[in-house]
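Enquirer:
Numbering (the UniProt record's numbering), first residue to last: 1 to 125.
(1) Pick from 73, 95, 53 and 85: whose alpha carbon is nearest that of residue 63?
(2) Three or more C-beta pairs under 8 Å: does that hold for the stretch 53-69 against the stretch 78-98?
(3) If you draw a straight line from the C-alpha of residue 12 to the C-alpha of residue 5, how long is it?
(4) With a cut-off of 8 Å, do at least 3 Cβ pairs link the stretch 78-85 to the stretch 34-50?
(5) Where residue 37 and residue 8 are concerned, what is the direct C-alpha to C-alpha distance, given to the nearest angstrom?
(6) Out of curiosity, what's the CA-to-CA distance linking residue 134 and residue 57?
(7) Relative to the C-alpha of residue 104, which residue among 30, 16 and 19 is closest?
(8) Could you compute how far the alpha carbon of residue 3 sits from the alpha carbon of residue 74?
(9) Excluding the 5 residues preceding and the 5 following residue 47 in the sequence, name in chain order all residues of the same chain whose CB lies nearer than 6 Å to its CB.
(10) Applying the criterion that 16 or more other CB atoms from any shown protein chain within 10 Å of the CB defines a buried residue, is residue 54 buried or exposed?
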């Protein structure tokens, strides 16, 4: 049966959260927003396209940075209010240069940085 974009439940701003996950490792890379058109573009082109809330514009991941997200799988959660895009990620997914945007853990009440930007050397202890 063909996928119907209207089955997705967007928020009042017309957006739906999209979680990007690395296809090879299963690592969660980032969370961004999509609108109906960016969902359609992603499915049509195979290049993950988000909606930038700050720029109010489409954001094709990798167009300016070269850090492309090639769509492998597109899933909808049970409530139809969140999507999971499984991707082949080129380079870092995070704008900070890290592989994942989820590089800070809270452990015993402390913020712990788990990874350095890709290509950088961690500071010596």
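All C-beta atoms, glycine included, are put in the ideal place defined by N, C-alpha and C.
Since we're looking at a predicted model, the values are computed, not measured.
Expert: With the given structure in hand:
(1) As a working note, residue 63 is residue 63 in the chain shown. Taking only the C-alpha atoms, the option nearest residue 63 is 95.
(2) The stretch 53-69 is in contact with the stretch 78-98.
(3) Taking the first residue of the chain shown as 1, we reach residue 12 at position 12. Taking the first residue of the chain shown as 1, we reach residue 5 at position 5. In this structure, the straight-line span from the alpha carbon of residue 12 to that of residue 5 is close to 16 Å.
(4) Segments in contact, yes.
(5) Within the chain shown, residue 37 is the residue found at index 37, counting from 1. Within the chain shown, residue 8 is the residue found at index 8, counting from 1. Each residue's alpha carbon lies about 12 Å from the other.
(6) Here the chain has residues from 1 to 125 only, and residue 134 is not among them.
(7) Residue numbering aside, residue 104 sits at position 104 when the chain shown is read from its first letter. Ranking 30, 16 and 19 by Cα distance to residue 104 puts 30 first.
(8) Taking the first residue of the chain shown as position 1, residue 3 is located at position 3. Taking the first residue of the chain shown as position 1, residue 74 is located at position 74. Roughly 11 Å between the two C-alpha positions.
(9) By 1-based counting over the chain shown, the position of residue 47 is 47. Around residue 47: 60.
(10) Within the chain shown, residue 54 is the residue found at index 54, counting from 1. When all chains shown are included, residue 54 counts as exposed.
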